[in-house]
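Student: Residue numbers (our numbering): 2 to 159.
Even for Gly, the Cβ is constructed at its ideal location relative to N, Cα and C.
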Ligand SMILES: CC(C)(COP(=O)(O)OP(=O)(O)OC[C@H]1O[C@@H](n2cnc3c(N)ncnc32)[C@H](O)[C@@H]1OP(=O)(O)O)[C@@H](O)C(=O)NCCC(=O)NCCS
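Put into structure tokens, the structure is as follows:
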């Protein structure tokens, strides 16, 4: 067990496989993620490629939970949650390495997050995407009038 910053005893890092024998391991801990690996994954996105190591390190520190998938030691998928663990949560930075896209990993990682014991009772979870509406609708998200956003920088630098 490891004690997380908020006092939660994190179980051992290795959480589970995806059950298909393909060698993908799922993790629910920040300690399974390094800033360097994350920067490598951000390089494949339009919006995350300019993030510096120093920014990513600070971001990880301030993030409530990180969810990731590894294969043969390499991180191939990631997403993160900001939350108070009671009322509200938001999900950010859902990404799968291009070599591993289209195999159900993005959906499996989101389901892993949404069904996690620390997350499944949070009544309102939001996310933002410019392109992935069908992907998120399939996971139960709905588009809702009344959602507002203060975008202080173009999305490529935010
Ligand atoms: C979006 C992303 C995480 C999906 O991961 P994935 O592992 O390829 O997704 P899955 O295999 O679970 O696909 C689930 C469904 O979503 C659809 N989907 C996947 N990527 C999509 C995209 N970029 N646009 C629209 N639909 C997409 C798939 O077609 C699939 O539907 P199908 O089963 O009918 O074929 C991945 O494409 C990615 O990392 N994209 C770049 C990063 C990004 O822009 N992230 C979103 C910002 S928060």
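1. Just confirm the distance between the C-beta atoms of residue 61 and residue 40, as a whole number of angstroms; I'd bet it's less than 8 Å.
2. Taking the alpha helix (DSSP H) that residue 52 falls in, what are its first and last residues?
3. Based on Cα-Cα distance, which residue from 63, 83, 95, 121 lies nearest to residue 110?
4. Quick check on residue 154: does DSSP put it in helix, strand or coil?
5. Taking its Cβ as the centre, do 16 or more other Cβ atoms sit within 10 Å of residue 150, making it buried, or is it exposed?
6. In three-state DSSP terms, what is residue 108?
7. Quick check on residue 81: does DSSP put it in helix, strand or coil?
8. Pick helix, strand or coil for residue 70, following the three-state DSSP scheme.
9. What does DSSP give as the partner residues of residue 97 in its beta bridges?
Tutor: Working from what's here:
1. In the chain shown, counting from the first residue as 1, residue 61 sits at position 60. In the chain shown, counting from the first residue as 1, residue 40 sits at position 39. Wrong, their Cβ atoms sit about 11 Å apart, outside the cutoff.
2. Walking along the chain shown from the start, residue 52 turns up at place 51. Run containing residue 52: none; DSSP gives neither H nor E here.
3. Taking the first residue of the chain shown as position 1, residue 110 is located at position 109. Per the Cα distances, 95.
4. Numbered from its first residue, the chain shown carries residue 154 at position 153. Note: residue 154 maps to coil in three-state DSSP.
5. Here the question's residue 150 lines up with position 149 in the chain shown. Exposed is the call here.
6. For the purposes of this step, residue 108 is taken as the residue at position 107 of the chain shown. Reduced to three states, the DSSP call for residue 108 is helix.
7. The residue given as residue 81 occupies position 80 in the chain shown. Looking at residue 81 - three-state DSSP - the assignment turns out to be strand.
8. Counted from its first residue, the chain shown places residue 70 at position 69. Residue 70 falls in the strand class under three-state DSSP.
9. For this step, residue 97 is matched to residue 96 along the chain shown. Residue pairing by DSSP puts residue 97 in a beta bridge opposite 78.
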